[in-house]
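What follows is a short report on a single structure.
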Amino acid sequence: MKDIRSHGRDRRVAAGLLAMGSMMAIGASAPQQQSFSFALTNVYVAAYEDEKACRAPSLSSSDLFLKTLPPAERAKYEAPDKVQELHKLMGQRLGFKMVPTGKPSGSNGSMAQLSEAEQEALRQKYHIPKGKGTAAFLGTRFAYDSCTNPEDFPFMEKGNEDYRGPIAYGIDLDGRASKDDYVSPDQKPGVDNQLIRAVGCTFSTRDFGTPKVADEVITSMSSPTLVEVSGVDDPVNDDDVTVRLYASANPLELSGAGKPLAWASLDVDPDRRFMAETKGKIRNRELLTEPFDLRLRLREQIIDSYREVRQARIQAKIKPGEAIEGGIYGYHTLASIEDNYHQSTQVGANLTRMSCPALIKAVRRYADAFPDPKTGRNTAISSALRFKGVPVFLIKAQQVAQGVQP
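For the sequence shown, my numbering assigns the number -15 to the initial residue and increments by one for each residue that follows.
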């Protein structure tokens, strides 16, 4: 551990010396453009704290399963201390599977790859329905349950409560007034955020989605998103800056107190799927970008997935050398949302007290953008993601430094 930490310090010192060298070379010449880099320590669906916004909490898959049991059996399992036994019974009765693949996870917590032939062999060996199930737990398991295949468990589509509060995080994405619009916490009208309508009454969103809680308990450890703001003439007001997003190839470094460590040196992942670039401006230290499409890596614990947002706009307060805090507002694709649910598996659903079939149905119902040209169904949903970040040094491979365009 000592050698690893020493290596990290050496890299940070080297990056700092390079920065100092640049400033010394500038000398007394005209002011040079600046760049600021941050690692986002959390990215989450933001919930406004309103105790009256939900008529009741959304039901979990185990709540819905419990309702199907005969009265005597229901009484046996409805006590809170029986929840683990209830989960086990549900898995047995509904034929859920979680089986080993024989593969280790990929590097840095990435998903191990399973060929279709390997998947079919697992289905036959463990009696999983043909064509069903998915690789899970970073490819070390193959799962079949209500999250991997929600269409097989339609009775679990019930019980989701809509968020009914008047206030929600977000911005006006479409420039049109609608009865479905919210008002932002700072009283700006026209907020488009149908995702919170669909998921705002779930346990995890209600209890952990408010910024004052989320900023303390949610940390994007494994592969944080990196934000680089360059071409800055004035960090207070500047009409023309460039914003680039990357995935980090390294996990966040933490302090002894368990907090994200500022000024760590993080390598930019060369995977271009997680790179994006746009133009923006700074107004009174607030970064405002033009709309652009982005894909953020979502790699945490048992999940190696992604968040895809179309026509995304970043609005964030920047404190150079200290922090960045703000939001990503745009249209979250259903494909990326559903991939997150599939990889959560029933294990994740049980832990977070959610019902994947109910949430997927709700998200599809409230999707409000990018209709499919063949079916006419919307493929994305208006949303608001909040984030915080700490300053870092970015270490780029030569091909990355030359630009993010394919």
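The C-beta atom is built at its ideal place from N, Cα and C for all residues, glycine as well.
In this structure, how does DSSP classify residue 303 when only helix, strand and coil are distinguished?
Position 319 of the sequence shown holds residue 303. Strand, per DSSP.
Throw me the rounded Cβ distance for the residue 230 and residue 258 pair, which I believe falls under 8 angstroms.
Translated into the one-based positions of the sequence shown, residue 230 becomes position 246. Translated into the one-based positions of the sequence shown, residue 258 becomes position 274. Rounded, the Cβ-Cβ distance is 6 angstroms, consistent with contact.
How close, in whole Å, do the beta carbons of residue 272 and residue 299 come, if the pair is a contact with beta carbons under 8 angstroms?
Within the sequence shown, residue 272 is the residue found at index 288, counting from 1. Within the sequence shown, residue 299 is the residue found at index 315, counting from 1. Residue 272 to residue 299, Cβ: 6 angstroms. Contact.
According to the Cβ coordinates, are residue 19 and residue 212 closer than 8 angstroms?
In the sequence shown, residue 19 corresponds to position 35, counting from 1. In the sequence shown, residue 212 corresponds to position 228, counting from 1. Taking 8 angstroms as the Cβ cut-off, residue 19 and residue 212 qualify as a contacting pair.
Identify every run of the alpha helix (DSSP H) within the segment 30 to 54, keeping only runs that are complete inside it and at least 4 residues long; order them along the chain.
45 to 51
Cα separation between residue 374 and residue 35?
Translated into the one-based positions of the sequence shown, residue 374 becomes position 390. Translated into the one-based positions of the sequence shown, residue 35 becomes position 51. If you take the alpha carbons of residue 374 and residue 35, they lie about 31 angstroms apart.
Hey, residue 340 and residue 46 are a contact pair by Cβ (cut 8 angstroms); roughly how many whole angstroms apart?
Taking the first residue of the sequence shown as position 1, residue 340 is located at position 356. Taking the first residue of the sequence shown as position 1, residue 46 is located at position 62. Rounded, the Cβ-Cβ distance is 12 angstroms, inconsistent with contact.
Given a threshold of 16 other Cβ atoms within 10 Å of its Cβ, counted over all protein chains shown, does residue 305 qualify as buried or as exposed?
Indexing the sequence shown from 1 puts residue 305 at position 321. With fewer than 16 other Cβ atoms within 10 Å, it is exposed.
Can at least three beta-carbon pairs, one atom from the segment 92 to 108 and one from the segment 134 to 153, be found at a separation below 8 angstroms?
no
Sort 232, 196 and 248 by Cα distance to residue 29 and report the nearest one.
Along the sequence shown, read from residue 1 onward, the residue named residue 29 stands at position 45. Among 232, 196 and 248, the Cα nearest to that of residue 29 is on 196.
Where does residue 359 land, buried or exposed, given buried means 16+ other C-beta within 10 angstroms?
Residue numbering aside, residue 359 sits at position 375 when the sequence shown is read from its first letter. Burial check for residue 359: the Cβ neighbour count within 10 Å stays below 16, so the residue is exposed.
So, with DSSP's three-state summary, where would you put residue 69?
The residue you call residue 69 lines up with position 85 of the sequence shown. Helix.
Where residue 82 and residue 98 are concerned, what is the direct C-alpha to C-alpha distance, given to the nearest angstrom?
Along the sequence shown, read from residue 1 onward, the residue named residue 82 stands at position 98. Along the sequence shown, read from residue 1 onward, the residue named residue 98 stands at position 114. About 15 angstroms.
Pull up the CB-CB distance for residue 22 and residue 376, whole angstroms please, since I reckon it's below 8 angstroms.
Stepping through the sequence shown from its first residue, residue 22 is reached at position 38. Stepping through the sequence shown from its first residue, residue 376 is reached at position 392. Going by Cβ atoms, the distance from residue 22 to residue 376 rounds to 6 angstroms, so yes, they are a contact pair.
For the alpha helix (DSSP H) that residue 128 lies in, which residues bound it at each end?
The residue you call residue 128 lines up with position 144 of the sequence shown. Not the alpha helix (DSSP H): residue 128 falls in the beta strand (DSSP E), residues 125 to 128.
Relative to the alpha-carbon of residue 137, which residue among 214, 252, 152 and 78 has its alpha-carbon at the smallest distance?
Your numbering for residue 137 matches position 153 in the sequence shown. That would be 78, whose Cα lies nearest to the Cα of residue 137.
Return yes when the Cβ of residue 289 is within less than 8 angstroms of the Cβ of residue 327, no when it is not.
In the sequence shown, the residue the question calls residue 327 occupies position 343. In the sequence shown, the residue the question calls residue 289 occupies position 305. Yes, Cβ-Cβ distance for residue 327 and residue 289 is below 8 angstroms.
Applying the 10 Å Cβ sphere with the 16-neighbour rule, what's the burial state of residue 267?
Taking the first residue of the sequence shown as 1, we reach residue 267 at position 283. Burial call: exposed.
Using the beta-carbon count (16 or more within 10 Å), is residue 252 buried or exposed?
Within the sequence shown, the letter at position 268 stands for residue 252. Flag for residue 252 reads buried.
So the beta strand (DSSP E) residue 272 belongs to, where does it begin and stop?
Here the question's residue 272 lines up with position 288 in the sequence shown. Residue 272 -> beta strand (DSSP E) spans 270 to 273.
Given a threshold of 16 other Cβ atoms within 10 Å of its Cβ, counted over all protein chains shown, does residue 190 qualify as buried or as exposed?
Looking up residue 190 in the sequence shown gives position 206. The residue is buried, with at least 16 neighbouring Cβ atoms inside 10 Å.
What would DSSP say about residue 295, mapped onto helix, strand or coil?
Your numbering for residue 295 matches position 311 in the sequence shown. Strand.
In chain order, what residues of the same chain have a beta carbon less than 8 angstroms from the beta carbon of residue 263, not counting five sequence neighbours either side?
The sequence position of residue 263 within the sequence shown is 279, counting from 1. Only 224, 225, 226, 227, 273 and 274 meet the Cβ criterion.
Please list, in chain order, all residues of the same chain as residue 158 whose beta carbon is under 7 angstroms from its beta carbon, the five residues on each side excluded.
The residue labelled residue 158 in the question sits at position 174 within the sequence shown. For residue 158, where only same-chain residues beyond five positions count, the Cβ hits under 7 angstroms are 176.
Looking at residue 346 and residue 182, is the spacing between their C-beta atoms short of 8 angstroms?
Residue 182 sits at position 198 when you count from the first residue of the sequence shown. Residue 346 sits at position 362 when you count from the first residue of the sequence shown. Against a cut-off of 8 angstroms, the Cβ pair of residue 346 and residue 182 comes out as a contact.
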